[in-house]
């Protein structure tokens, strides 16, 4: 019987911290599915398709790993995949509280599915997709935070947003 793990998240965008957890989780299972959640209760910078493409590129060298988008309850997606385990990464103490709550509700909804939490590598303990987006928006260096293709996608996204904002600014002449 094939052991399948699910590593779900928004991955908006995928970071080196996510890649670290995926790399380590991949050796625990016969197959690891990276589940890209399509409609979280937060603002997204990238579309589901963009996030899937970035994750596929970032994880292309990991054997037995595939990336899929999903909607609805994570435990339902895990059941659909035949996954018995949901993988989550822990960076800081506050992550534990949230993941503990999620594990409990998931256990209530799907007692046959267990959660496995992996501690992040210390190099990525500060890293989150939100921080990466903020650094990118301010023009900061993302070199050790995300793969180069993700840094490029972020730069393009913020350059396009800046161009749209500038195009919407109405210039008023004092002569008019």
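Residue numbers (the numbering used here): 13 to 188.
C-beta atoms are modelled at their ideal positions from N, C-alpha and C, and glycine is treated no differently.
With the rule of 3 Cβ pairs closer than 8 Å, the segment 112 to 119 does not count as touching the segment 65 to 79. Residue pairing of residue 47 in beta bridges, as defined by DSSP: 20, 80. Inter-residue distance for residue 156 and residue 101 is about 18 Å (C-alpha atoms, whole angstroms). With three or more CB-CB distances shorter than 8 Å, the segment 147 to 166 counts as touching the segment 25 to 37.
According to the DSSP secondary-structure assignment, residue 58 is paired through a beta bridge with no residue. Relative to residue 91, the option among 50, 45, 37 whose CA is nearest is 45. Residue 81 places its beta carbon less than 8 Å from that of residue 50. Secondary structure of residue 103 (DSSP, three-state): coil.
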